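Trainee: The sequence shown begins at 11 in my numbering and counts up by one. After the structure tokens below, expect a handful of questions from me.
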Amino acid sequence: MEKDEQFIDFYTGSEIMIMGLRKRLEAVGVFGMMQNDFNSGNLAGFVGGSPNTVRFKIRAKDVEKAQPILEEYLNLEDNE
Numbered sequence: 011m012e013k014d015e016q017f018i019d020f021y022t023g024s025e026i027m028i029m030g031l032r033k034r035l036e037a038v039g040v041f042g043m044m045q046n047d048f049n050s051g052n053l054a055g056f057v058g059g060s061p062n063t064v065r066f067k068i069r070a071k072d073v074e075k076a077q078p079i080l081e082e083y084l085n086l087e088d089n090e
């Protein structure tokens with residue numbers, strides 16, 4: 011897999027925050043995936059990670075397009 015096609019950690023936070031961010035990113039054609047180690051551990055029969063720490067991964071090639079959207083989203087959350 012080429013380097014720009016690899017998924018990288020883009021944002022770490024609560025699942026609710028990531029759901030809002032994901033919606034905004036998908037509106038501009040940036041798609042990603044959530045990685046929830048806590049839920050994965052529970053499904054496998056052990057506890058790992060924190061329930062409030064979910065990672066959102068996007069392709070490396072989309073970081074430049076996604077960064078301004080992340081900053082705007084975080085500023086909106088800070089102002090509420």
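Built from N, CA and C at the ideal position, the CB exists for glycine as well. This one's a predicted model, so the numbers in the text were calculated from it and none came from an experiment.
Is it buried or exposed for Gly39, if we count other Cβ within 10 angstroms and need 16 for buried?
Mentor: Gly39 is exposed by the Cβ-count criterion.
Trainee: Less than 8 Å between C-beta atoms, sequence neighbours within five positions excluded: which residues of the same chain meet that for Ile79?
Mentor: Leu31, Arg34, Leu35, Val38 and Val40
Trainee: Which residues in the same chain have their Cβ closer than 8 Å to the Cβ of Thr22, if we skip the five residues on either side of it in sequence?
Mentor: By the criterion of a C-beta distance shorter than 8 Å, Thr22 is surrounded in its chain by Thr63, Val64, Arg65 and Phe66, once the five residues flanking it on both sides are discounted.
Trainee: Answer yes or no: do Ala70 and Asp19 have a C-beta to C-beta separation smaller than 8 Å?
Mentor: no
Trainee: DSSP three-state label for Gln16, please.
Mentor: In the displayed model, Gln16 falls within coil according to three-state DSSP, outside both helix and strand.
Trainee: Can you give the beta carbon distance from Met43 to Phe17, rounded, assuming they're within the 8 Å contact cut?
Mentor: 7 Å
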